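Under numbering that gives the first Met the number 0, residues 0 to 453 are what the sequence shown spells out, in order.
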Amino acid sequence: MSKRIFRSVLLVALLVFLTTLMLTVGVLYNYFSDVLMSQLRNETELTARGVENGGVGYLDTLERGDYRITWVGADGTVLYDSSSRSDAMENHLQRQEVREAMEKGYGESVRYSTTTAIKLLYAARRLSDGTVLRMSISQYSPLRLVVGTWQPLLVLFAMAVLLSFVLARWLSGKIVKPLLQMDINEPVPEKGYEEIAPLLQRLRTQQLQLREDQVALNKTEEIRREFTANVSHELKTPLHTISGYAELIKDGLVRQEDIRPFAGKIYSEAYRMTQLVDDIIELSRLDEGAADTERQDCDLAQIAGNAADALSTVATEKNVTLLCLHKSGVPMVGVPQLLYGIVYNLCDNAIKYNHPGGSVTVTVENRGDQALLRVQDTGIGIPEEHQDRVFERFYRVDKSHSKDMGGTGLGLSIVKHAVFIHGGKIQLESTPGVGTAITVTFPRGERGAGNILH
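See the structure below:
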């Protein structure tokens, strides 16, 4: 970057120098041309008066310097010339300055010689007898003037190059120095560099975003490791139980009347493993955003009623009253099987962790552009210190009691992910010994990611 700035500054400095030199030469050349023409005009007037008074003899005594004097007759014949033989010169009647002098009394013109790169200035004054006195002087063209002074110009150019080199090096270093000293991990906009402030601000925003992403990745990795450990633990326990009972039966160490209870225990543990695997598969699918699921128009009230009907036998066995309340249909756009899983898991938990004689009430209703689902029970409740974690995977308030109930510890986590996919919000309210109420709100016709509120 420093080299590019150096080259750019050096190039600009040299271009400015050359442009300034050319403009200066041009301005000065035009100025001195005007001065020279003014002097030529004055000399012509003075000489014309001298010739009027002294005739040709005045011209012979005149100190001419760089001027050339020509006296032209009324018919254009050259009567006198200070530089050439008059009889050998052509008729000057058609020369511009001579013609103007004869017509107006005074004339002047400028002619260029391309071969010698010299500009010739002419001034002519008509005398009282009709003849014309003309004077001329030569002036170098700008190109010849530059060529004639190439040595001082070369020295000047070398000095300009050296000065431009030093200034470009100093300026490029000064520009780049703050950027090199800037902490890329904490890009704070510099006061002296307002132009790059937006870039630095974007870098800072990206730094913050990268840090947030890194924290999220670390958290995800931690969750993954914890999930793997929990899955291993949850699978090992029933496997050990099944292996132990099966080994006793294989070795003939079980009495005939105990075989059926042992087989029942093996079956229940195998069933719990099947439930666990199914829940893990479902949770993994939800983690991927359930991309293979298609949203469609559905009735949340009808879905809740179907889930409640499927759990009615379980509720009866637990001596829990299960009620599903809805005044009318609650249409919304969603994934029916995920919505069914939300209601089923919430109701299943409400039944499992309830008291004999308790109740579970499912309420579904319209709330403007939202659909509301509320599952309220009269169960054991959740202590306040556990309420923020019940939606975590494999988290159980009472591990021993939960396992006795046959839970996998993934039900509420599946609920949370399914609600998130629908862009909904979930809220938990619970009082130990009184009961728990979980309220879920869904956008009825919009899709998007929602917020999980515990």
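Note that the Cβ used here is the ideal one computed from N, Cα and C, for glycine as well.
These figures come from a predicted structure and were not determined experimentally.
query	result
Sequence-distant residues of the same chain with beta carbon closer than 8 angstroms to GLU51, five excluded per side	LEU126 and SER127
Cβ neighbours of ASP296 in the same chain (closer than 7 angstroms, five flanking residues each side left out)	PRO330 and VAL332
Collapsed DSSP secondary structure at PHE441 in the structure displayed	strand
Inter-residue Cα distance where the pair is LEU22 and MET134	30 angstroms
Where the beta strand (DSSP E) containing ILE68 begins and where it ends	67-71
TYR266 - DSSP class collapsed to helix/strand/coil	helix
Element boundaries [beta strand (DSSP E), containing SER429]	424-430
Cβ pair ILE437, LEU345 closer than 8 angstroms	yes
ARG366, DSSP secondary structure in three states	strand
Helix, strand or coil at PRO330 [DSSP, three-state]	strand
Which listed residue (TYR139, VAL109, SER32 and ALA123) has its alpha carbon closest to that of ILE117	TYR139
Range of the contiguous beta strand (DSSP E) that encloses ILE117	117-125
Continuous beta strand (DSSP E) stretch holding LEU321: start and end	320-324
Three-way DSSP call (helix, strand, coil) for GLN295 in this model	strand
Rounded distance between the beta-carbons of ILE136 and LEU35, thought under 8 angstroms	7 angstroms
Whole-Å CB distance - LEU409 paired with VAL359, under 8 angstroms assumed	In fact, because the Cβ distance is near 20 angstroms, the residues do not count as touching under 8 angstroms.
Residue closest to GLY462, alpha-carbon to alpha-carbon, out of GLY75, SER82 and ASP74	This structure leaves residue 462 out entirely; the chain is present only between 0 and 453.
Cβ contact check for the region 72-81 and the region 90-106: 3 or more pairs under 8 angstroms	yes
Cβ-Cβ distance between ALA300 and HIS325 below 8 angstroms	yes
SER108 in three-state terms, based on DSSP	strand
Residues that DSSP places opposite ALA436 in a beta bridge	GLN375 and GLU428
Host alpha helix (DSSP H) of TYR343 (start-end)	335-351
Cβ contact (3+ pairs, closer than 8 angstroms) linking the region 339-358 and the region 367-375	yes
GLY271 in three-state terms, based on DSSP	According to the sequence shown, residue 271 is Arg rather than Gly. Three-state result, ARG271: helix.
Rounded C-alpha distance that separates ALA12 from LEU20	12 angstroms
Every unbroken beta strand (DSSP E) inside the region 9-92 [3 residues or more]	67-71 and 77-80
Outcome for TYR30 when other beta-carbon atoms lying within 10 angstroms are tallied against a minimum of 16	exposed
Residues near GLU268 by beta carbon distance below 7 angstroms, same chain, minus five either side	PRO237, THR240 and ILE241
Among GLY25, PHE164 and ARG224, nearest to ARG392 - alpha-carbon criterion	ARG224
8 angstroms Cβ cutoff met for VAL418 and GLY357	no
Reference SER412; option with closest CA among VAL154, ILE425, PHE390 and LEU17	PHE390
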